[in-house]
Amino acid sequence: MKTMRVSRNHTMAHGCHNRATTLVPGARVKMMMGKRVSKVPKVAPRWPCLYPQQGKTVKAKAAASPSYDAPSNVSGGSQLESLCKLSEVVRNSVVLEDGESFRDASCSSAAAVTSRILLKVLRNPVGLRQYEQPIESALAYIEQTQPKEKDSLGLVHCSLDKAMVNLGSLLAEQVDGRVSTEVDARFANDSAKIVEQVNYLSKLYEEVGVKPDRILYRIPATWAGIQACRELESRGIQCLMTLVCSFTQCIAAAEAGASVVQLYVGRVRDWYRKNPNAIRNPDGPREDSGGVLGEVGAGAMDPGRDLVAKCYNYVHKHHPGTKIMAGDIRTKEDALAISGCDYIVMPPHLISQLDASPSVLGYNDGLRASSDDEYVDLLPELTLEGASRAEFSDRYTSGIKDEATFRVQMGECGRSLLDSSLQRYKDSFEQLEPYFTKIAGMGNV
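Quick note: the sequence shown uses numbering that gives the first Met the number 0, first residue 0, plus one each step.
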């Protein structure tokens, strides 16, 4: 370790980030491998340094040795790089330019096939030409493999399943992680039909050579959906429980052995803003039970972010085989506030914002003495250590035995968001059917 005394009224210019740092007279700065390791007196204000200062020099006296540890020449990283070291960041859009693949996009570790994505492809075939052919080929497959006496509606459903699988197999070639495939939301309250559809989808994926460990099945977190998950996971079929907007749903899904539980930050926040008198945290202080939810900021309570943190702590303490996925991220601050979460799903524009925001990841200039520098690397908000210290009451750890209890404990927010979200997904499947009916030449079904 070396100690350097900076001469009175002199400036050390930092050119890499166009900054200059002026130290107060007599300030001592201890350096180790170019990094400040002890507190120093408060520094004078800094200002942008566009050009080197002319006619000024810096004289330094080394206390122990005249040698000097040169600073690193590694440039600073971005907040995206820092976040990716703490969480798996997943791009939530399949809307790529014509000819572009997921491998060309940033954060392409996983992908999803949903009814809404199929609608985008069918409504915009020019921009998504590479995904159109796999969908159309599904119809030819069904005509060759399904019995002629099968009813038209059944053929349409089979075509939809095959289209999902064809698109999923294409995406599996473009990402290194898993591809999640949506189960028909119209089966959300029928566990037997969910299991039947997943069995059929699994068979189709096997036919096209996609291994089971590359696929997750997206199942709505209704009571029936969670029971279907229990059966499927017991057979080694991985499930992602979606539309989870309450702690109770997360508990039940984790108890059923779900591989992934997906939460919705923005959706939960929006509901509480529209219902300001609703109890936000039944386990919190009395003042937390109502009142208007203010703008998100330092110290402000955010029900969406808080739900992610609570679920993360619960599953990593009691069901470590289950992972938490946070979706409906509205701002980069949302993402940074839940850093450390297993998966964070973000739209491309937020990923770009994080990529453009600098951090000191990997950078060492050897010149800084300020503790309030804006280039601060990211620390995890959610950790396994924190989860191990979290405490939960017996009513959360004793298990949920029946659907009636499940619905009551979901609370008004959970029930409302689950029901409204389910309706949107059902509508998407209803809107898809005419496309397949028309292409297949079946007329109106």
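Positions of the beta carbon are idealized from the N, C-alpha and C atoms, including for glycine.
In whole angstroms, what is the alpha-carbon distance linking residue i and residue j?
{"i": "T241", "j": "M300", "result": "24 Å"}
{"i": "G235", "j": "G265", "result": "32 Å"}
{"i": "A171", "j": "P275", "result": "43 Å"}
{"i": "I323", "j": "R229", "result": "17 Å"}
{"i": "P346", "j": "V89", "result": "9 Å"}
{"i": "K192", "j": "C238", "result": "15 Å"}
{"i": "L353", "j": "S77", "result": "7 Å"}
{"i": "E249", "j": "F391", "result": "Glu is not the amino acid found at residue 249; the sequence shown has Cys there. About 14 Å."}
{"i": "Y424", "j": "I399", "result": "26 Å"}
{"i": "D103", "j": "S179", "result": "Summary for D103: the model assigns pLDDT 46, below 50, so the residue's position carries little reliability; its value from the coordinates is reported in the next sentence. Their Cα atoms are separated by approximately 20 Å."}
{"i": "C157", "j": "P211", "result": "20 Å"}
{"i": "T330", "j": "I134", "result": "33 Å"}
{"i": "T278", "j": "Y271", "result": "Here the sequence assigns Ile to residue 278, which means Thr is not the residue at that position. Their Cα atoms are separated by approximately 9 Å."}
{"i": "T436", "j": "A227", "result": "29 Å"}
{"i": "F246", "j": "Y199", "result": "31 Å"}
{"i": "E195", "j": "K161", "result": "14 Å"}
{"i": "S427", "j": "M409", "result": "25 Å"}
{"i": "S338", "j": "L262", "result": "14 Å"}
{"i": "F405", "j": "I141", "result": "39 Å"}
{"i": "S397", "j": "R414", "result": "21 Å"}
{"i": "S258", "j": "K273", "result": "32 Å"}
{"i": "E131", "j": "L118", "result": "11 Å"}
{"i": "E373", "j": "S358", "result": "A caution first: E373 carries a pLDDT of 45, below 50, which makes its placement in the model too unreliable to give a value."}
{"i": "C412", "j": "C244", "result": "7 Å"}
{"i": "T382", "j": "G320", "result": "15 Å"}
{"i": "K309", "j": "L417", "result": "19 Å"}
{"i": "T20", "j": "E80", "result": "Low confidence applies here, because T20 scores a pLDDT of 39, under 50, leaving its location unreliable and the question unanswered by this model."}
{"i": "A109", "j": "Q422", "result": "26 Å"}
{"i": "R394", "j": "V207", "result": "45 Å"}
{"i": "L82", "j": "D269", "result": "25 Å"}
{"i": "Q145", "j": "E87", "result": "40 Å"}
Are the beta-carbon atoms of residue i and residue j separated by less than 7 Å?
{"i": "Y204", "j": "V174", "result": "no"}
{"i": "A255", "j": "A220", "result": "no"}
{"i": "R122", "j": "E181", "result": "no"}
{"i": "A187", "j": "G224", "result": "yes"}
{"i": "I343", "j": "A334", "result": "yes"}
{"i": "V260", "j": "G303", "result": "no"}
{"i": "S168", "j": "V197", "result": "no"}
{"i": "R177", "j": "R213", "result": "yes"}
{"i": "L85", "j": "P379", "result": "yes"}
{"i": "E402", "j": "W222", "result": "yes"}
Where does the unbroken alpha helix (DSSP H) through residue i begin, and where does it stop?
{"i": "G265", "result": "V264 to K273"}
{"i": "E181", "result": "Premise fails: E181 lies in the beta strand (DSSP E), V178 to E181, not in any alpha helix (DSSP H)."}
{"i": "L121", "result": "S114 to R122"}
{"i": "L215", "result": "Counting along the chain, L215 falls outside any alpha helix (DSSP H), though it belongs to the beta strand (DSSP E) covering I214 to P219."}
{"i": "L85", "result": "No alpha helix (DSSP H) contains L85, which DSSP labels as neither H nor E."}
{"i": "L383", "result": "L383 to R388"}
{"i": "K309", "result": "P302 to H317"}
Tell me the DSSP bridge mates of residue i?
{"i": "S77", "result": "P357"}
{"i": "S201", "result": "DSSP, once it has assigned bridges, lists no residue as partnering S201."}
{"i": "R90", "result": "M345"}
{"i": "V260", "result": "M240 and I323"}
{"i": "A110", "result": "V178"}
Starting from residue i, follow the beta strand (DSSP E) in both directions and report where the run begins and ends.
{"i": "G326", "result": "K322 to G326"}
{"i": "C238", "result": "C238 to V243"}
{"i": "E332", "result": "Note, E332: premise wrong, no beta strand (DSSP E); alpha helix (DSSP H) at K331 to A336."}
{"i": "I225", "result": "Run containing I225: none in the beta strand (DSSP E); it sits in the alpha helix (DSSP H), W222 to S233."}
Does any CB atom of chain C fall closer than 7 Å to the CB of residue i?
{"i": "R217", "result": "Included in the structure is just one protein chain, with no chain C present."}
If we count Cβ pairs, one from each stretch, closer than 8 Å, do we get three or more for the stretch 105-122 versus the stretch 422-438?
-> Touching, per the Cβ criterion.
Is it a yes or a no for the stretch 384-404 touching the stretch 304-317, going by three-plus beta-carbon pairs under 8 Å?
-> They touch, by the three-pair rule.
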